[in-house]
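Engineer: I am attaching a structure below and will ask some questions about it afterwards.
In full-length UniProt numbering, the protein residues as written are 1 to 286.
Right, dumping it as structure tokens:
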């Protein structure tokens, strides 16, 4: 699933290509793509006619495009395979094209393509802080100016769980998924099962530094693409998979100490650690 860097790459593409444009009409090709819009597909399309997209914003893995009425936004989540593509109208329709936005000024149009239909779009109201009401429970991400390191440290200590489980809790910190959690923990030399209540202030400082470093590095390389499902708005893949230190590196030597990277089952997925740099903690929460 796309994580913060991949979604931020898409947001930047939307800011460059669709912000400031007037929607002429919207075509919904699959109702499931707008299932989060409770009034239905027809209302989704009708409510956007002649609306202007005024910005492109993100919180964690959610994107939203505020409208010129100042009270609504188009909210999107890419799910496992969602893509927001900027395409000329003459380009052939993608096999899994779900929603098409046609603009009053002509090309390019915006297309929502989703093979597995786990992602989706909706029109939702904005809260007082400008965040869509349906995602108000999502915590700021570590690249957000609103993110408070000390508030995060105190909340983390109250969780009584393993540190990686805490990082995947979007109500605590958003945008960090399985890949970047493993990479950040490797940088911070912390095992994924380290009990959150045992983390000291320097541990949390290293952890946040690791998260921000890996996010920034991934952004510079356009995110991580393991297959053709994640692409930017121009259909281009990211290349950060070539720079991973821990995730997916089972059996390969750790770049710091040479110890083979270990893979453990974790929440129906996997966790990758260096047994030497990230030793199993005495007080662990599995």
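Note that the Cβ used here is the ideal one computed from N, Cα and C, for glycine as well. All values derive from a computational prediction rather than experimental measurement.
Where does residue 135 fall in DSSP's three states?
Structural biologist: In the chain shown, counting from the first residue as 1, residue 135 sits at position 135. DSSP places residue 135 in helix when its eight states are reduced to three.
Engineer: Would you decide whether residue 92 is buried or exposed? Buried here means 16 or more other CB atoms lie within 10 Å of its CB.
Structural biologist: Counting from one through the chain shown, the residue named residue 92 turns up at place 92. Under this definition residue 92 is an exposed residue.
Engineer: Contact between the segment 169–187 and the segment 138–148: three or more CB pairs below 8 Å?
Structural biologist: Judged by Cβ distances under 8 Å, the segment 169–187 makes contact with the segment 138–148, as three or more pairs qualify.
Engineer: Beta-carbon within less than 6 Å of residue 186's beta-carbon, same chain only, minus the 5 sequence neighbours each way: which residues are those?
Structural biologist: For this step, residue 186 is matched to residue 186 along the chain shown. Cβ within range, chain order: 245, 246.
Engineer: Starting from residue 287, follow the beta strand (DSSP E) in both directions and report where the run begins and ends.
Structural biologist: The question about residue 287 has no answer here: the residues shown for the chain are numbered 1 through 286.
Engineer: Just the C-alpha distance for residue 28 and residue 217, rounded to the nearest angstrom, thanks.
Structural biologist: Within the chain shown, numbered from 1, the residue matching residue 28 stands at position 28. Within the chain shown, numbered from 1, the residue matching residue 217 stands at position 217. When rounded, the distance between both Cα atoms is 36 Å.
Engineer: Could you please give me the residues that DSSP links to residue 28 through a beta bridge?
Structural biologist: By one-based count along the chain shown, residue 28 stands at place 28. BP columns for residue 28 point to 99.
Engineer: Sorted by chain position, which residues of the same chain lie with C-beta nearer than 8 Å to residue 7's C-beta, five sequence neighbours on each side aside?
Structural biologist: Start at 1 with the first residue of the chain shown, and residue 7 comes out as number 7. Cβ within range, chain order: 58, 60, 61, 62, 63, 78, 175.
Engineer: Suppose the cutoff is 6 Å on Cβ atoms and the five residues either side in sequence are ignored; what does the same chain contact list for residue 195 look like?
Structural biologist: For the purposes of this step, residue 195 is taken as the residue at position 195 of the chain shown. Closer than 6 Å at the Cβ level, and outside the excluded window around residue 195, lie 283, 285.
Engineer: Around the C-beta of residue 65, are 16 or more other C-beta atoms found within 10 angstroms, so that it is buried, or is it exposed?
Structural biologist: Counted from its first residue, the chain shown places residue 65 at position 65. Its Cβ being crowded by 16 or more others within 10 Å, residue 65 is buried.
Engineer: So which of 51, 34, 116 has the shortest CA-CA distance to residue 24?
Structural biologist: In the chain shown, the residue the question calls residue 24 occupies position 24. Comparing Cα positions, the closest option is 51.
Engineer: My understanding is that residue 98 touches residue 53, with C-beta atoms under 8 Å, so please give their C-beta distance in whole angstroms.
Structural biologist: In the chain shown, residue 98 corresponds to position 98, counting from 1. In the chain shown, residue 53 corresponds to position 53, counting from 1. Actually they are not in contact, since the Cβ atoms of residue 98 and residue 53 sit about 18 Å apart, beyond 8 Å.
Engineer: Could you tell me the alpha carbon to alpha carbon distance between residue 275 and residue 37, rounded to whole angstroms?
Structural biologist: Looking up residue 275 in the chain shown gives position 275. Looking up residue 37 in the chain shown gives position 37. Cα to Cα, residue 275 sits roughly 46 Å from residue 37.
Engineer: Nearest to residue 212 by alpha carbon, out of 35, 143, 280, 81?
Structural biologist: Counting from 1 along the chain shown, the entry for residue 212 is found at position 212. Per the Cα distances, 143.
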